[in-house]
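**Student:** Protein sequences appear in the order of chains A and B. Residue numbering for the first sequence is 1 to 275, as defined by the working numbering. Residue numbering for the second sequence is 276 to 574, as defined by the working numbering. Note that beta-carbon positions come from the ideal geometry of N, C-alpha and C, so glycine has one too. Please see the structure below; I have some questions.
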Amino acid sequence: MISVQEVEYVYPSGIKALDNVSLEIGRGELVALMGENGAGKTTLLKHLNGLLKPTKGRVLIDGIDTREATVASLSRKIGLVFQNAEDMFFSSTVWDEVAFALKNFGYDEHTIKKRVEWALRFMELEEYANQSPFILSGGEKKRLALAIILAWAPDVIALDEPTTGQDQLQKEKLMEMIRLLNTQGRTVIISSHDVEFIAKLKPRIVLMKQGRIIADGKAEEILLDEDLLISCNLLPPQIVSLTKSLNFIGVKPSLIEPRKLAEEVVAKLRTLPKH
Amino acid sequence: MRRNFKRATREARGDNEALKLIEVRDLSFRYPGSSNYALKNVNLDVRPGEFIVLAGRSGCGKTTLLRCLNGLIPHFYEGDFEGKVLVDGKDTSENPPHILSQIAGMVFQNPDSQLFALTVEADVAFPLENLGLPREVIRERVDWALKILGIEELRNRSPFELSGGQKQKVAIASVLAMKPKVLLLDEPTSSLDPLSAKNLIDSILELNKREGLSIVISEHRLELLLPHADRLIIMDEGRIIYDGDPRNVLEKDLMPYGISAPSVSEVAKYMNSLKGPLKFGKIPLSVEEFVNEVRRVIE
């Protein structure tokens with residue numbers, strides 16, 4: 001579905017943001033690009049819908065080379081939600097903002113109405129439908145950016161740092177939405193350094209550092225490797241640190257749920273000899 | 276008069292209650308054009324050296340409350356203001372922000388909104404120059420602020436070529452140079468990666484422990500802050516819902532308020548509900564506290 005082949009990208013300023021990056025992402029996968037600020041996560045995401053074209057190497061989307069396609073045609077397949085949601089907005093109402101792309105894609109009025117209503121309801125923004133997108137709070141703007149992409153339902157949804165500035169309830173909602181989209185068969189790619197969020201989501205993790213991919217594997221493996229995470233300015237999730245520190249009662253390091261760990265610790269303590 | 280006398284006697288007794296750096300009394304505030312109050316009847320005291328964490332959903336009133344603690348409200352943000360806020364005994368509605376900011380310094384979410392000069396040094400010195408302080412004093416304070424945050428080597432760099440974490444430290448240094456008694460921080464780590472966030476929080480903890488500065492910080496990364504916090508305040512829809520020792524507050528169900536307890540606290544709460552061999556008297560806030568309790572039970 002997505003094939004990134006030996007991609008190098010040098011910004012006009014001369015900074016090399018991607019350095020020999022190769023990555024295959026299959027249909028229906030759930031992938032997190034992780035790494036510190038400046039590792040190249042956003043630059044890589046911008047290559048997927050053709051906003052940026054490789055200096056060297058190539059990116060294929062369903063076999064189409066991004067250098068030979070327009071951003072508009074790629075965007076129907078891949079919806080990218082930016083970190084600064086405001087960059088996306090220009091309409092005078094929240095409703096128009098969501099409807100804009102649908103009109104451009106040539107959907108009929110009835111479909112547009114249904115989709116906009118659904119997307120706004122899903123992101124809990126119905127009450128703002130007739131207001132300006134610019135008066136929304138930071139978290140609401142982020143949800144609007146998601147609603148815009150949701151409405152046209154592309155095969156691939158790429159989210160750049162979706163949890164920044166979101167409180168826990170909004171994060172739970174976001175997680176629910178990502179899972180829902182993923183079970184519908186959509187490919188979801190998120191860039192994030194929110195380790196606790198990723199630890200709950202448990203996607204495939206692609207770890208980036210200084211424009212390169214330095215690890216690629218299951219969350220259950222990558223998030224247990226403290227040295228690897230620290231080398232990327234990340235920290236292991238607290239549950240992993242806890243399981244590691246409970247090794248002396250026979251707990252194995254893992255990304256276990258808090259409730260299950262509680263049961264395991266209680267069971268272990270019951271079997272230990274009493275003093 | 277009577278109240279002042281009571282205070283003086285309490286102070287003479289060394290009673291902590293009397294020493295209030297910030298007093299918020301029956302505070303309500305509504306932004307212009309908004310139908311809802313952003314703060315509803317808030318009461319709060321901040322004492323010298325306290326470390327207070329503010330938490331709650333986006334839009335719960337944390338930022339508005341912080342803005343009230345250094346006079347940004349009502350001086351920069353107008354609206355319906357009811358009640359009283361005293362900062363080191365000064366009524367915020369009667370004293371201008373440049374006076375109040377020497378007592379309560381504010382650091383914002385986005386450091387770019389606070390930095391503008393060509394060098395780090397100039398940025399930190401700027402507010403002091405505005406106060407008209409002598410040059411030697413300015414130099415001394417800039418040196419001190421850069422040193423305490425461990426960013427002396429950034430002195431001649433442009434703030435705009437720094438990383439997010441470094442920028443945020445420069446922003447704190449420029450507030451610190453005013454020698455405030457309390458530092459107010461509004462989600463200062465929200466755009467930082469985890470290690471940079473930890474690093475910044477460690478610096479803030481140092482300021483509290485070594486310099487005795489009071490800290491009021493709003494944050495989502497509770498696991499890094501709570502082990503060191505004196506109080507955790509939960510806000511919702513403009514009201515203070517809980518205010519107390521983080522260990523006690525975490526025993527409540529905080530999910531409706533958009534708070535996720537650190538994983539260690541969650542595990543401990545589940546264990547208590549299972550009524551196993553280990554009952555946590557106080558909810559642990561760090562891996563270390565958790566493990567110590569387990570060791571205590573088996574040894």
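(1) Under 8 Å, with one C-beta from each stretch per pair, do the region 181 to 200 of chain A and the region 152 to 169 of chain A reach the 3-pair mark?
(2) Give the secondary structure of A/ARG58 by DSSP, where H, G and I count as helix, E and B as strand, and everything else as coil.
(3) Using 8 Å as the limit for Cβ to Cβ distance, is B/TYR545 near chain E?
(4) In three-state terms, what does DSSP make of A/LEU23?
(5) Against chain B, with Cβ distances strictly below 8 Å, would A/GLY79 count as a contact?
(6) The beta strand (DSSP E) that contains B/ASN316, what's its start and end?
(7) Cα separation between B/ASN405 and B/SER465?
(8) Bridge partners for B/PHE356 per DSSP, in chain order?
(9) With DSSP run on the structure shown, which of helix, strand or coil describes A/THR243?
(10) Looking at chain B, is there any beta carbon in it that lies within less than 8 Å of the beta carbon of A/GLN210?
(11) Does any residue of chain B bring its CB to less than 8 Å from the CB of A/GLU263?
(12) When the Cβ atoms of the region 218 to 236 of chain A are set against those of the region 506 to 523 of chain B, are three or more pairs found closer than 8 Å?
(13) For B/LEU319, is the beta carbon positioned less than 7 Å from some heavy atom of the ligand ZN?
(14) Kindly indicate which residue of A/ILE214, A/ILE135 and A/GLN168 has the alpha-carbon position closest to the one of B/LEU497.
(15) Taking the beta strand (DSSP E) that B/VAL395 falls in, what are its first and last residues?
(16) In terms of residue numbering, what span does the alpha helix (DSSP H) encompassing B/PHE565 cover?
(17) Have a look at the DSSP bridge pairing and note the partners of A/GLY217.
(18) Can you say whether B/GLU486 is buried or exposed, counting buried as having 16 or more other CB atoms within 10 angstroms of its CB?
(19) Quick check: is the beta carbon of B/GLY354 nearer than 8 Å to any beta carbon in chain A?
(20) Tell me the rounded alpha-carbon separation between B/PRO455 and A/ALA119.
(21) Using the beta-carbon count (16 or more within 10 Å), is A/LEU23 buried or exposed?
(22) Say whether the region 174 to 181 of chain A touches the region 539 to 548 of chain B, bearing in mind that this needs 3 or more beta-carbon pairs closer than 8 Å, one atom from each stretch.
(23) Of all the options A/VAL195, A/PHE122, A/ALA39 and A/VAL81, which has the alpha carbon lying nearest to the alpha carbon of A/PRO236?
(24) Touch check for the region 431 to 441 of chain B and the region 390 to 398 of chain B: three-plus C-beta pairs under 8 Å?
(25) Short of 7 Å Cβ to Cβ, which residues in the region 544 to 567 of chain B face chain A?
(26) So if DSSP puts A/ILE15 in a beta bridge, which residue, or which two residues, is it bridged to?
(27) Output yes or no for whether 8 Å exceeds the beta carbon distance between B/VAL360 and B/CYS343.
(28) In the region 206 to 233 of chain A, which residues sit with their C-beta less than 7 Å from some C-beta in chain B, listed in chain order?
(29) Look at the alpha carbon of A/VAL21 and the alpha carbon of A/SER73, and state the distance between them as a whole number of angstroms.
(30) I need the straight-line Cα distance from B/LEU525 to A/GLY50, nearest angstrom please.
(31) Tell me the rounded alpha-carbon separation between B/LEU482 and B/ALA448.
(32) Once DSSP output is grouped into helix, strand and coil, what is the label at A/LEU80?
(33) Do A/HIS47 and A/TYR9 have their C-beta atoms closer together than 8 Å?
(34) Can you tell me whether B/GLY513 is buried or exposed, with buried defined as 16 or more other CB within 10 angstroms of its CB?
(35) Between which two residues does the alpha helix (DSSP H) containing A/ALA267 stretch?
(36) On the DSSP letters alone, give me the boundaries of the beta strand (DSSP E) that A/GLU6 sits inside.
**Tutor:** From the atom records:
(1) yes
(2) strand
(3) Absent from the structure: chain E. Protein chains present are A and B.
(4) strand
(5) no
(6) 314 to 321
(7) 30 Å
(8) B/PHE304
(9) helix
(10) no
(11) yes
(12) Too few Cβ pairs lie closer than 8 Å, so no.
(13) Here there are no bound small molecules, and the ligand ZN is not part of this structure.
(14) A/GLN168
(15) For B/VAL395, there is no enclosing beta strand (DSSP E); the residue is found in the alpha helix (DSSP H) stretching over 395 to 405.
(16) That run of the alpha helix (DSSP H) goes 562 to 573.
(17) A/ILE205
(18) exposed
(19) Chain A, which has no Cβ nearer than 8 Å to the Cβ of B/GLY354, makes this no.
(20) Roughly 47 Å separates the two Cα atoms.
(21) buried
(22) no
(23) A/VAL195
(24) yes
(25) So the list reads TYR545, MET546, LEU549, GLY551, PRO552, LEU553, VAL562, PHE565 and VAL566, given in the order they occur along the chain.
(26) In the DSSP output, where bridge partners are listed per residue, A/ILE15 has none listed.
(27) yes
(28) ILE230 and ASN233
(29) 24 Å
(30) 47 Å
(31) Those two C-alpha atoms are separated by around 11 Å.
(32) strand
(33) Yes, the pair counts as a contact, with Cβ atoms nearer than the cut-off.
(34) buried
(35) 258 to 271
(36) 2 to 10
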